[in-house]
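>
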Amino acid sequence: MEATVQLTYALDTFYFLVTGALVMWMAAGFAMLEAGLVRAKNTAEILTKNMALFAVASVMYMLVGYGLMYPAEGNGFLPSLDLGFMFGGDHAEADVAAGGINHSRMSDFFFQVVFVATAMSIVSGAVAERMKLWSFLLFAVVLTAFIYPIQGYWKWGGGWLQELGFNDFAGSGVVHLCGASAALAGVLLLGARKGKYGKDGSINAIPGANLPLATLGTFVLWLGWFGFNGGSQLALTGFENTNAVAAVFVNTNMAAAGGTLLGLVTARMLFGKADLTMALNGALAGLVAITAEPLTPSPLLATTIGAIGGLLVVFATVALDKLRIDDPVGAISVHGVVGMWGLMAVPLTNDEASFAAQAIGLGAILGWVFTTSLIVWLIIRLTFGLRVTEDEEYAGVDLSECGLEAYPEFVGSRRPT
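Just so you know, we're using the UniProt record's numbering here: the sequence shown kicks off at 1 and counts up by one.
1. In its own chain, which residues sit with a C-beta less than 7 angstroms from the C-beta of residue 496, not counting the 5 before and 5 after it?
2. So, Val-38 versus Pro-328, is the Cβ gap smaller than 8 angstroms?
3. Using a 10 Å radius around the Cβ and a threshold of 16 neighbouring Cβ atoms, would you call Trp-225 buried or exposed?
4. So for Gly-330, helix, strand or coil by DSSP?
5. What would DSSP say about Tyr-70, mapped onto helix, strand or coil?
6. Can the beta-carbon of His-103 be found less than 8 angstroms from the beta-carbon of Phe-16?
7. Check the C-beta distance from Ser-124 over to Glu-34 and give it rounded, since I have them as a contact under 8 angstroms.
8. With a threshold of 7 angstroms, establish whether the CB of Gly-339 neighbours any heavy atom of the ligand SAH.
9. Could you check which residue in Glu-392, Val-245, Glu-352, Gly-385 has the C-alpha nearest to that of Asn-167?
10. Pro-79 by DSSP, collapsed to three states: which one?
11. Per DSSP, what kind of secondary structure is Ile-147 in: helix, strand or coil?
12. Drop a sphere of 10 angstroms on the beta-carbon of Thr-242, count the other beta-carbons inside from all chains shown, and report buried for 16 or more, exposed for fewer.
13. Quick one: what does DSSP say Ile-203 is sitting in, helix, strand or coil?
14. Could you work out which residue in Gly-282, Ala-255, Thr-252 is closest to Asp-266 when comparing CA atoms only?
15. Tell me which residues share the same chain as Gly-403 and place their Cβ nearer than 7 angstroms to its Cβ, disregarding the 5 neighbours each side in the sequence.
16. Restricting to Cα atoms, I'd like to know which of Trp-377, Asp-90, Phe-271 is closest to Leu-190.
17. Tyr-197 bridges to which residues according to DSSP?
18. What is the residue span of the alpha helix (DSSP H) that Thr-389 lies within?
19. Pull up the CB-CB distance for Ala-307 and Leu-262, whole angstroms please, since I reckon it's below 8 angstroms.
20. Residues in its own chain within less than 8 angstroms of Val-141 by CB, not counting five upstream and five downstream?
21. Measure the Cβ-Cβ separation of residue 418 and Leu-22 and say whether it is below 8 angstroms.
22. Distance check for Ala-209 and Gly-310, CA to CA, integer angstroms please.
23. Nearest CA to the CA of Phe-77: which residue from Leu-53, Ala-40, Leu-164?
24. On the premise that Lys-196 lies in contact with Asn-204, defined as a C-beta separation below 8 angstroms, what is that separation, rounded to the nearest angstrom?
25. Just to check my reading of the structure: Ala-31 and Leu-47 have Cβ atoms closer than 8 angstroms, yes? What is that Cβ distance to the nearest angstrom?
26. Which runs of the alpha helix (DSSP H), 4 residues or longer, sit entirely within the stretch 151-196?
27. To the nearest angstrom, how far is it from the Cα of Leu-264 to the Cα of Phe-384?
28. Would Lys-155 and Val-174 qualify as a contact pair, given that the criterion is a beta-carbon distance under 8 angstroms?
29. In the DSSP assignment, what residue or residues form a beta bridge with Met-131?
30. How would you write the range of the alpha helix (DSSP H) that Ile-122 sits in, first residue to last?
31. Determine the contact status of Leu-153 and Gly-84, defining contact as a CB-CB distance below 8 angstroms.
32. If you check the beta carbons only, do Gly-171 and Thr-19 fall under 8 angstroms apart?
33. Using the beta-carbon count (16 or more within 10 Å), is Thr-304 buried or exposed?
34. By a C-beta neighbour count over all protein chains shown, 10 Å radius and 16 as the cutoff for buried, is Leu-323 buried or exposed?
35. Output yes or no for whether 8 angstroms exceeds the beta carbon distance between Ala-52 and Leu-137.
This is the structure:
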């Protein structure tokens with residue numbers, strides 16, 4: 001093998017692994033964000049969910065999901081199932097030398113598996129504080145093994161959305177809208193937390209226990225997003241790839257900044273106060289908005305796309321509350337509503353994209369994930385149940401689901417005997 005080919009293969013594989021590790025670090029960001037935005041009595045359980053869902057996603061994507069999403073064959077709508085990945089193996093040296101392969105198969109799997117875990121993490125926060133832990137993990141098995149990979153195949157595996165010309169650079173739709181659609185289906189069947197909505201139509205705020213932790217989680221997610229979007233260029237070597245990666249990093253950062261500022265300003269105008277949680281979700285909204293196309297915008301346009309995301313997330317959060325859809329962390333607004341905006345913003349800067357193809361892709365992902373998730377959630381509710389009892393919810397799911405508390409000195413649920 002030529003030395004230049006070897007070097008390219010090594011550098012691009014290394015870049016894939018490093019950016020994948022950054023995306024894996026987003027799991028910590030989601031855990032900290034959600035732990036900060038729930039009440040103290042539910043913290044240990046949501047941390048358990050975030051740890052366990054990452055492990056479930058890794059195992060199920062290895063067993064089934066990766067083979068479904070990147071099959072040897074498929075008809076554009078339904079892929080064939082390739083179970084070979086779990087037994088190991090990588091590209092042969094002769095195939096790499098022949099050209100067209102710039103990174104190892106193992107690095108590709110690693111980069112893809114952290115994406116499916118991200119989609120499942122979105123669901124975790126939306127159903128927080130009242131769902132049974134094991135029912136949630138059972139759903140995680142289905143989403144990471146089947147629901148996510150099939151719609152991922154439609155776009156990234158060479159399926160019908162790819163053939164249609166649907167554009168989704170790093171997953172505003174495939175990852176974020178997917179996670180939000182699954183979350184919405186679960187929330188509709190689960191119902192709101194006790195005390196969130198009054199019989200008189202009032203909406204009662206339920207503050208999170210640890211805003212410093214939520215802020216840390218947001219910064220961790222912001223950092224991880226450089227791997228999320230930057231790694232999706234799929235290569236670092238070569239003049240065009242190098243410049244593209246730099247542009248993606250800059251645009252990702254600028255969109256987050258725009259989302260933060262307009263989220264904060266919008267909250268100030270609507271509520272009369274600088275709401276930290278809206279600033280945090282504004283940053284995430286900016287990141288979600290730019291994820292569908294972080295390469296073609298200028299830095300100014302990237303800032304604007306992110307800022308519109310920050311504006312939308314505030315109004316979406318208020319609208320969902322008026323509809324009595326209880327989402328403790330704002331995940332459906334951030335990843336769903338703004339994910340749709342990100343998809344539809346692509347043609348504004350990418351001449352190869354069309355609004356029609358983007359709308360079809362948006363509808364396909366939303367329809368597939370919401371419908372299949374609703375069916376799965378319903379089956380789980382009828383067999384194992386979705387929601388903890390009212391007494392368990394009042395005491396906190398830390399005790400009923402995990403048997404321990406994250407803040408025992410402060411919550412004081414347990415008494416020494």
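In this text, a Cβ means the ideal position worked out from N, Cα and C, and glycines have one as well.
Judging by the given coordinates:
1. The chain is shown only over 1 to 417; residue 496 falls outside these bounds and no answer can be derived.
2. Position 38 of the sequence shown, counted from the first residue, corresponds to residue 38. Position 328 of the sequence shown, counted from the first residue, corresponds to residue 328. Val-38 places its beta carbon less than 8 angstroms from that of Pro-328.
3. The residue labelled residue 225 in the question sits at position 225 within the sequence shown. Under a 10 Å Cβ-count criterion, Trp-225 is classified as buried, with 16 or more other Cβ atoms of the shown protein chains found around its own Cβ.
4. Start at 1 with the first residue of the sequence shown, and residue 330 comes out as number 330. Here Gly-330 sits in coil by DSSP.
5. Sequence index remark: in the sequence shown, residue 70 carries index 70 (1-based). Three-state result, Tyr-70: coil.
6. Numbered from 1 along the sequence shown, position 103 holds the residue referred to as residue 103. Numbered from 1 along the sequence shown, position 16 holds the residue referred to as residue 16. Yes, they are a contact pair.
7. If you number the sequence shown from 1, residue 124 lands on position 124. If you number the sequence shown from 1, residue 34 lands on position 34. Between the beta-carbon of Ser-124 and that of Glu-34 there is about 6 angstroms, and that keeps the pair under the 8 angstroms contact cut.
8. As presented, the structure is devoid of all ligands, the ligand SAH included, so that no description of it is given.
9. Along the sequence shown, one-based indexing puts residue 167 at 167. The shortest CA-to-CA distance from Asn-167 to any of Glu-392, Val-245, Glu-352, Gly-385 is the one to Glu-352.
10. As a position in the sequence shown, residue 79 is number 79, starting the count at 1. Note: Pro-79 maps to strand in three-state DSSP.
11. Along the sequence shown, one-based indexing puts residue 147 at 147. Ile-147 falls in the helix class under three-state DSSP.
12. In the sequence shown, residue 242 corresponds to position 242, counting from 1. Exposed: under 16 other Cβ atoms inside 10 Å.
13. For the purposes of this step, residue 203 is taken as residue 203 along the sequence shown, with counting starting at 1. In the three-state reduction of the DSSP assignment, Ile-203 falls in the strand class, which pools E and B.
14. Residue numbering aside, residue 266 sits at position 266 when the sequence shown is read from its first letter. Reading the sequence as shown, one finds Thr at residue 266 and not Asp. When only C-alpha atoms are compared, the closest one is Gly-282.
15. Your numbering for residue 403 matches position 403 in the sequence shown. The beta carbon of Gly-403 sits closer than 7 angstroms to none of the beta carbons in its chain outside the five residues before and after it.
16. To locate residue 190, count along the sequence shown from 1; it is residue 190. Measuring from the Cα of Leu-190, the nearest candidate turns out to be Trp-377.
17. Position 197 of the sequence shown holds residue 197. Looking at the DSSP assignment, Tyr-197 forms a beta bridge with Ile-203.
18. By 1-based counting over the sequence shown, the position of residue 389 is 389. That residue, Thr-389, is in no alpha helix (DSSP H); it is neither H nor E in DSSP.
19. Your numbering for residue 307 matches position 307 in the sequence shown. Your numbering for residue 262 matches position 262 in the sequence shown. That pair is a contact at about 4 angstroms.
20. Reading the sequence shown from its first residue, position 141 is the one you call residue 141. If we look at Val-141 and ignore the five residues flanking it on each side, its Cβ neighbours are Val-56, Met-60.
21. Because the chain spans 1 through 417 in this model, residue 418 falls outside it and cannot be assessed.
22. Numbered from its first residue, the sequence shown carries residue 310 at position 310. Numbered from its first residue, the sequence shown carries residue 209 at position 209. Going from the Cα of Gly-310 to the Cα of Ala-209 covers about 23 angstroms.
23. Indexing the sequence shown from 1 puts residue 77 at position 77. Per the Cα distances, Leu-164.
24. Walking along the sequence shown from the start, residue 204 turns up at place 204. Walking along the sequence shown from the start, residue 196 turns up at place 196. The beta-carbon separation of Asn-204 and Lys-196, rounded to 6 angstroms, stays under the 8 angstroms limit for a contact.
25. The residue given as residue 31 occupies position 31 in the sequence shown. The residue given as residue 47 occupies position 47 in the sequence shown. Rounded, the Cβ-Cβ distance is 6 angstroms, consistent with contact.
26. Here the runs fully enclosed are 160-164, 178-190.
27. For the purposes of this step, residue 264 is taken as the residue at position 264 of the sequence shown. For the purposes of this step, residue 384 is taken as the residue at position 384 of the sequence shown. Just so you know, the alpha carbons of Leu-264 and Phe-384 end up roughly 41 angstroms apart.
28. To locate residue 155, count along the sequence shown from 1; it is residue 155. To locate residue 174, count along the sequence shown from 1; it is residue 174. Against a cut-off of 8 angstroms, the Cβ pair of Val-174 and Lys-155 comes out as a contact.
29. Along the sequence shown, read from residue 1 onward, the residue named residue 131 stands at position 131. Answer is Arg-387, bridged to Met-131.
30. As a working note, residue 122 is residue 122 in the sequence shown. Per DSSP, the unbroken alpha helix (DSSP H) holding Ile-122 starts and ends at 105-126.
31. For this step, residue 153 is matched to residue 153 along the sequence shown. For this step, residue 84 is matched to residue 84 along the sequence shown. Looking at the sequence shown, residue 153 is not Leu but Tyr. Tyr-153 is not a Cβ neighbour of Gly-84, given a cutoff of 8 angstroms.
32. Here residue 171 refers to the residue found at position 171 when the sequence shown is read from its first residue. Here residue 19 refers to the residue found at position 19 when the sequence shown is read from its first residue. The answer is no: Cβ separation not under 8 angstroms.
33. Taking the first residue of the sequence shown as position 1, residue 304 is located at position 304. Burial is judged here by how many other beta carbons sit within 10 angstroms of a residue's own beta carbon; Thr-304 has at least 16 and is buried.
34. The residue labelled residue 323 in the question sits at position 323 within the sequence shown. Exposed, since its Cβ has fewer than 16 Cβ neighbours within 10 Å.
35. In the sequence shown, counting from the first residue as 1, residue 52 sits at position 52. In the sequence shown, counting from the first residue as 1, residue 137 sits at position 137. Against a cut-off of 8 angstroms, the Cβ pair of Leu-137 and Ala-52 comes out as a contact.
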